[in-house]
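Colleague: The structure under discussion is supplied below as structure tokens; questions concerning it will follow.
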Amino acid sequence: MALAKNAPKSQFMLSTEAFNEISDVLKELEASTRAELAVFCDANGVPITHAGKPRAIDLTSLSALNAGNYAATREMARLIGESQGFKFLFLEGENKNIYLCNVGYDFLLSIVFAKTVALGMIRIYANKAVKQISGILEKAQKQEQMAEEFLDVEFNTLLGKAFDASFRKPNSSTKTES
Amino acid sequence: MFINWAQKEINLKIVYYGPGLSGKTTNLEYIYQQIDPSLRGELVTLKTREERTLYFDFLQLEFGRIKGMHPKFNLYTIPGQVYYAQSRRIILRGVDGIVFVADSQRDRMIENLDSLLDLEENLINEGKSLESVPWVLQYNKRDLPHISTVEELDRKLNFLRVPTIEAVAVRGTGVIETLKRIIQHVMAHVQEVM
Ligand SMILES: Nc1nc2c(ncn2[C@@H]2O[C@H](COP(=O)(O)OP(=O)(O)OP(=O)(O)O)[C@@H](O)[C@H]2O)c(=O)[nH]1
Ligand SMILES: [Mg+2]
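This is the structure we're talking about:
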């Protein structure tokens, strides 16, 4: 999948509608390939939605590592003059495999599947899912919601309180203000 | 920042930057130990056999539901060793706030400065800069002898007059305070740019 030319955005919002549509694409992908798990995350490693049985799999850590891994191989591609990056990453294990590819510039799709599932099939259905998700994201960008309505001073005050309540003991420290 | 409306999640990325051995990983380890376990994920660390960060450390924190939304903070540390330049660039991608962990020891001043310049360069690569991204300065290792005074550190490193916190990360002193400051700073910035 070629990388989009545009630079990474610093803010991105995903509508509920787009979220549901992407979740449906993942469900279909998982059902047609009988993969164990399909995870859609952003390129910074934030898991967004998934289909399948994560069971004992820690999706937050998996997504952070997927993102790091993907970014590292993209740099490797650059070093060997492969400016478009690799089409996908395939990690082969004793019992389970992982397939990882990008969705445009800002997102990643990763699929965990058993050794009995053919890589070729995963590739075909992953390509199809990437196209569908790209379409959904394109459409979603035109109808972004507003976040100002809740991200206000009150939000920050409440967050500060929640923060203070989250740590074991109040920590004393010297502080300098410049 | 990434907002997932369906899950009512706001995701923010905070990166701990600074020269090798300044105490970035130690900050994350202390946060991991001190926060209510139900509010954090696993501490993911990718390190060399010598306990140096090889690629990154990662820890996700949540603070429950606020005005119907779940703010999540994704904390990363970078590898400070000079030759991991590529990893640092990768981890800075999409950053919302930075904690610069400086080593207060007098003979580490050059390394602090080099790392700060490296940060600025990498931010520019991302279309950002030290002036546009919220950041705070942690003066770590205040427990050691032969350290620079806070005034000296301010003069050499804090030319943009960002908030500073004195710390002894191995004992946890100043660590939570630093985290609180950067979160406040990031949230205020988010509001400004909205
Ligand atoms: N005396 C003292 N030692 C500290 C302090 N903070 C960290 N250290 C020690 O400094 C060493 C390096 O700390 P790390 O947290 O691994 O440093 P780092 O910044 O993650 O280093 P890299 O991963 O190589 O970039 C460890 O032995 C820590 O115990 C401090 O406040 N005082
Ligand atoms: Mg480290």
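Heads up: the sequence lines are chains F and C, in that order. For the first sequence, our numbering begins at 9 and goes up steadily by one. For the second sequence, our numbering begins at 380 and goes up steadily by one. In this text, a Cβ means the ideal position worked out from N, Cα and C, and glycines have one as well.
Alpha carbon to alpha carbon, how far is residue 479 of chain C from residue 406 of chain C? Give it in angstroms, no decimals.
Modeller: Whole-angstrom Cα-Cα distance: 11 Å.
Colleague: Is residue 522 of chain C a contact residue of ligand 1, with contact defined as CB to any heavy atom under 7 Å?
Modeller: Correct: residue 522 of chain C has its Cβ closer than 7 Å to ligand 1.
Colleague: Any beta carbon from chain C within less than 8 Å of residue 29 of chain F's own beta carbon?
Modeller: So no, residue 29 of chain F is outside the interface.
Colleague: In whole angstroms, what is the alpha-carbon distance linking residue 29 of chain F and residue 56 of chain F?
Modeller: Between residue 29 of chain F and residue 56 of chain F, the C-alpha separation is close to 12 Å.
Colleague: Assuming residue 27 of chain F contacts residue 383 of chain C (C-beta within less than 8 Å), just tell me the rounded distance between them.
Modeller: That pair is a contact at about 7 Å.
Colleague: Does any CB atom of chain C fall closer than 8 Å to the CB of residue 91 of chain F?
Modeller: Taking Cβ atoms only, chain C never reaches closer than 8 Å to residue 91 of chain F, which makes this a no.
Colleague: Among F:52, F:44 and F:119, which has the Cα closest to the Cα of residue 391 of chain C?
Modeller: Out of F:52, F:44 and F:119, F:52 has the C-alpha closest to the C-alpha of residue 391 of chain C.
Colleague: Please list the partners that residue 431 of chain C has in chain F, where partner means a Cβ-to-Cβ separation under 8 Å.
Modeller: Under the 8 Å cutoff, chain F gives no residues; its nearest Cβ is about 16 Å from residue 431 of chain C.
Colleague: If you draw a straight line from the C-alpha of residue 471 of chain C to the C-alpha of residue 42 of chain F, how long is it?
Modeller: Taking the straight line joining both Cα atoms gives about 36 Å.
Colleague: Under 7 Å from any heavy atom of ligand 2, does the C-beta of residue 404 of chain C make it?
Modeller: Indeed, a heavy atom of ligand 2 lies less than 7 Å from the Cβ.
Colleague: Could you check if residue 430 of chain C is buried or exposed, using at least 16 other CB atoms within 10 Å of its CB as the buried criterion?
Modeller: It is exposed - the Cβ of residue 430 of chain C has fewer than 16 other Cβ atoms within 10 Å.
Colleague: By DSSP's criteria, residue 390 of chain C is part of a beta bridge. Which residues make up the other side?
Modeller: C:381 and C:451.
Colleague: At a Cβ threshold of 8 Å, is residue 500 of chain C touching chain F?
Modeller: For residue 500 of chain C, the answer is no, since every Cβ of chain F falls outside 8 Å of its Cβ.
Colleague: Give me the residue from C:573, C:564, C:550 and C:544 with the minimum Cα distance to residue 556 of chain C.
Modeller: Nearest C-alpha to residue 556 of chain C: C:544.
Colleague: Under a CB-based cut-off of 8 Å, is residue 493 of chain C close to chain F?
Modeller: False, the Cβ-Cβ gap to chain F never drops below 8 Å.
Colleague: What first and last residue would you give for the beta strand (DSSP E) that runs through residue 23 of chain F?
Modeller: From DSSP, residue 23 of chain F is part of no beta strand (DSSP E); its letter is neither H nor E.
Colleague: With residue 507 of chain C as the anchor, note down where its beta strand (DSSP E) starts and where it stops.
Modeller: Careful: residue 507 of chain C lies outside any beta strand (DSSP E) and carries neither H nor E.
Colleague: Is the beta carbon of residue 482 of chain C sitting closer than 8 Å to the one on residue 401 of chain C?
Modeller: Cβ atoms of residue 482 of chain C and residue 401 of chain C: closer than 8 Å.
Colleague: Just the C-alpha distance for residue 48 of chain F and residue 511 of chain C, rounded to the nearest angstrom, thanks.
Modeller: Taking the straight line from one Cα to the other gives about 30 Å.
Colleague: Could one say the Cβ of residue 403 of chain C lies closer than 8 Å to chain F's Cβ atoms, at least one of them?
Modeller: False, the Cβ-Cβ gap to chain F never drops below 8 Å.
Colleague: For residue 83 of chain F, return the contacting residues in chain C, with the cut-off set at a CB-CB distance below 7 Å.
Modeller: 465 and 469, listed in chain order.
Colleague: Which residue or residues does DSSP assign as beta-bridge partners of residue 100 of chain F?
Modeller: According to DSSP, which records beta bridges pairwise, residue 100 of chain F is partnered with F:105.
Colleague: With a threshold of 7 Å on Cβ separation, who are the neighbours of residue 81 of chain F within its own chain once the five nearest residues in sequence on each side are excluded?
Modeller: Excluding residues within five positions, the ones whose Cβ falls inside 7 Å are 94 and 97.
Colleague: Check whether the Cβ atoms of residue 137 of chain F and residue 23 of chain F sit closer than 8 Å, and answer yes or no.
Modeller: Contact flag unset, no.
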